[in-house]
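Asker: Can you keep this structure in mind? I'll have questions shortly.
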Amino acid sequence: MQAKFDFSISNLFNGSPDSEGDTPLHDAISKKRDDMLTLLLDHNADIMLTNNNGFNALHHTALRGNPR
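Residues are numbered in the working numbering as their position in the sequence shown, beginning at 1, plus a constant of 77.
Shown next, in the form of structure tokens:
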């Protein structure tokens, strides 16, 4: 039962991508939600997941000019 719970938590923080392939981490970056970024990163959100344009969270951050 624990493995199923862990998978659900991982899925929550890595999330189902939206129609553009953006994950919750991409969205938090776009909206400059540092509180959500901290929460997602503290729970090991995968920064290497890419959206439909091939951008991961680091690319997304650089494009948005977010210093964090």
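Built from N, CA and C at the ideal position, the CB exists for glycine as well.
CA-CA distance, I106 and A134?
Answerer: The straight-line gap from Cα to Cα measures roughly 8 Å.
Asker: So, with DSSP's three-state summary, where would you put I124?
Answerer: DSSP places I124 in coil when its eight states are reduced to three.
Asker: Give me the residue from N129, D119 and H103 with the minimum Cα distance to R141.
Answerer: Ranking the options by Cα distance to R141, first place goes to H103.
Asker: So is I99 buried or exposed if we call it buried at 16+ other beta carbons inside 10 Å?
Answerer: Inspection of the sequence shows that residue 99 is occupied by Asp rather than by Ile. Under this definition D99 is a buried residue.
Asker: Is D96 helix, strand or coil when you go by DSSP?
Answerer: The question names Asp, but residue 96 in the sequence shown is Ser. If DSSP states are grouped into helix, strand and coil, S96 belongs with coil.
Asker: Out of D111, K108 and T127, point me to the one whose CA is closest to G92's CA.
Answerer: G92 has its Cα closest to that of T127, out of D111, K108 and T127.
Asker: How about P94 and L117: do their beta carbons lie closer than 8 Å?
Answerer: Going by C-beta atoms, P94 is not nearer than 8 Å to L117.
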